[in-house]
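These notes concern the structure reproduced below.
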Amino acid sequence: MTFAKKTILYRPVSDLIPSSPVFEMYPIGFASIAEYLERAGYQVRIVNLAVRMLRNRNFDAEAMIKRLRSPVFGIDLHWLVHAHGAIEVAKLVKKYHPETKVVFGGFSSSYYYQELLQYPEVDYVLRGDSTEEPLRQLMDCIMNGKQPEAVPNLVWRDSQGRIQENPFSYIPSDLSNVIAHSWH
Numbered sequence: 033m034t035f036a037k038k039t040i041l042y043r044p045v046s047d048l049i050p051s052s053p054v055f056e057m058y059p060i061g062f063a064s065i066a067e068y069l070e071r072a073g074y075q076v077r078i079v080n081l082a083v084r085m086l087r088n089r090n091f092d093a094e095a096m097i098k099r100l101r102s103p104v105f106g107i108d109l110h111w112l113v114h115a116h117g118a119i120e121v122a123k124l125v126k127k128y129h130p131e132t133k134v135v136f137g138g139f140s141s142s143y144y145y146q147e148l149l150q151y152p153e154v155d156y157v158l159r160g161d162s163t164e165e166p167l168r169q170l171m172d173c174i175m176n177g178k179q180p181e182a183v184p185n186l187v188w189r190d191s192q193g194r195i196q197e198n199p200f201s202y203i204p205s206d207l208s209n210v211i212a213h214s215w216h
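According to my numbering, the sequence shown is numbered sequentially starting from 33.
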């Protein structure tokens with residue numbers, strides 16, 4: 033008996049395997065990052081487009097992105113299967129908010145940072161785990177109009193479009209400052 037005689041999978045696996053909200057929950061790191069940034073004085077909002085789309089077939093992600101206002105959009109790319117969707121979200125952000133900065137983070141972002149920065153819609157990639165402090169430093173640079181050359185773990189495109197790779201040097205000494213117990 034032959035298992036498969038012809039190829040039947042032509043689309044990304046993420047388009048073929050049905051999803052559910054349990055698979056589309058954002059990483060717990062989002063909550064710890066949000067809390068950390070709020071303690072530093074930043075206003076933070078997490079919008080889980082995937083869950084909204086799963087719960088409501090009529091949900092218009094593009095219209096939602098168009099309505100959002102923020103100087104920075106953070107996009108999670110933990111699992112490679114979500115790469116296409118994450119890049120498409122970045123494209124929509126830049127379509128409606130061309131001056132807004134787009135930051136990617138997560139496991140797959142950390143590994144594929146060079147490939148991600150080939151997309152003009154991706155301004156920054158923060159590599160590694162527990163990036164609360166490097167993200168705070170990046171936010172300070174963005175909000176103050178400064179270049180982020182001193183932000184650890186960051187890969188970014190400078191004003192001439194050249195990719196800059198800062199040292200992958202940040203490891204938190206302890207995690208007591210990044211606990212997400214009280215965030216929304």
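The beta-carbon is built from N, C-alpha and C at its ideal position, and this holds for glycine as well.
Reducing DSSP to helix, strand and coil, say where residue 200 ends up.
On the sequence shown, position 168 is the one that residue 200 refers to. Residue state, collapsed to three classes: coil.
Between the stretch 101–109 and the stretch 130–146, are three or more C-beta pairs nearer than 8 Å?
A contact exists between the stretch 101–109 and the stretch 130–146.
Nearest to residue 193 by alpha carbon, out of 151, 200, 94, 101?
Within the sequence shown, numbered from 1, the residue matching residue 193 stands at position 161. Scanning 151, 200, 94, 101 for the CA closest to the CA of residue 193 turns up 151.
Excluding the five sequence neighbours on either side, which residues of its own chain have a C-beta within less than 6 Å of the C-beta of residue 84, listed in chain order?
As a position in the sequence shown, residue 84 is number 52, starting the count at 1. Only 91 meet the Cβ criterion.
Under the three-state DSSP convention, the category residue 42 falls into:
For this step, residue 42 is matched to residue 10 along the sequence shown. Because the pLDDT of residue 42 is 45, which lies under 50, any placement of that residue in the model is unreliable, and the number read from its coordinates should be weighed accordingly. Residue 42: coil per DSSP, three-state reduction.
Figure out for me which residue from 163, 86, 197 has the closest Cα to the Cα of residue 179.
Here residue 179 refers to the residue found at position 147 of the sequence shown. It is 197.
Selected residue, minimal CA-CA separation from residue 185, among 191, 89, 204, 177
To locate residue 185, count along the sequence shown from 1; it is residue 153. Residue 204 is the option with its Cα nearest to residue 185.
For residue 149, which residues in the same chain have their Cβ closer than 7 Å to its Cβ, ignoring the five residues on either side in sequence?
Taking the first residue of the sequence shown as position 1, residue 149 is located at position 117. Annotation for residue 149: 157, 187, 189, 195 place their beta carbon closer than 7 Å to its own, counting only its chain and skipping 5 residues before and after.
Could you check where the alpha helix (DSSP H) with residue 68 kicks off and where it finishes?
By 1-based counting over the sequence shown, the position of residue 68 is 36. Where residue 68 is concerned, the enclosing alpha helix (DSSP H) starts and stops at 60–71.
Reference residue 173; option with closest CA among 145, 159, 104, 143
Locating residue 173 in the sequence shown gives position 141, counting from the first residue. The shortest Cα separation from residue 173 among 145, 159, 104, 143 belongs to 104.
Between residue 153 and residue 118, which are expected to be in contact by the criterion C-beta below 8 Å, what is the C-beta distance as a whole number of angstroms?
Along the sequence shown, read from residue 1 onward, the residue named residue 153 stands at position 121. Along the sequence shown, read from residue 1 onward, the residue named residue 118 stands at position 86. Taking a contact as a CB-CB distance under 8 Å, the pair residue 153 and residue 118 does not count as one, their CB atoms being some 10 Å apart.
How about residue 69 and residue 79: do their beta carbons lie closer than 7 Å?
For the purposes of this step, residue 69 is identified with residue 37 of the sequence shown, where counting begins at 1. For the purposes of this step, residue 79 is identified with residue 47 of the sequence shown, where counting begins at 1. No, the pair does not count as a contact, with Cβ atoms beyond the cut-off.
Extent of the continuous alpha helix (DSSP H) run through residue 106
For this step, residue 106 is matched to residue 74 along the sequence shown. Per DSSP, residue 106 lies in no alpha helix (DSSP H) segment; the continuous beta strand (DSSP E) that holds it begins and ends at 104–108.
Residue 64: which of 146, 94, 167 sits nearest, CA to CA?
Working through the sequence shown from its first residue, we reach residue 64 at position 32. When only C-alpha atoms are compared, the closest one is 167.
Among 88, 71, 86, 129, nearest to residue 97 - alpha-carbon criterion
Along the sequence shown, one-based indexing puts residue 97 at 65. Checked all of 88, 71, 86, 129; the closest Cα to residue 97 is 129.
Could you name the residues of the same chain whose beta carbon sits closer than 8 Å to that of residue 135, not counting the 5 residues immediately before and after it, in chain order?
Within the sequence shown, residue 135 is the residue found at index 103, counting from 1. Excluding positions up to five away in sequence, the list reads 104, 105, 106, 107, 155, 156, 157, 158, 167, 170.
Grouping DSSP H, G and I as helix and E and B as strand, with all else coil, what is residue 137?
Sequence index remark: in the sequence shown, residue 137 carries index 105 (1-based). Reduced to three states, the DSSP call for residue 137 is strand.
Among 116, 132, 162, which one has its Cα closest to the Cα of residue 147?
The residue given as residue 147 occupies position 115 in the sequence shown. Cα-wise, what sits closest to residue 147 is 116.
For residue 81 and residue 200, what's the separation of their Cα atoms in angstroms?
Taking the sequence shown and counting its residues from 1, one reaches residue 81 at position 49. Taking the sequence shown and counting its residues from 1, one reaches residue 200 at position 168. Cα to Cα, the separation comes out at about 30 Å.
For residue 124 and residue 37, the rounded distance between their alpha carbons:
Walking along the sequence shown from the start, residue 37 turns up at place 5. Walking along the sequence shown from the start, residue 124 turns up at place 92. Bear in mind that a pLDDT of 45 at residue 37, under 50, signals an unreliable position, so the model cannot answer this.
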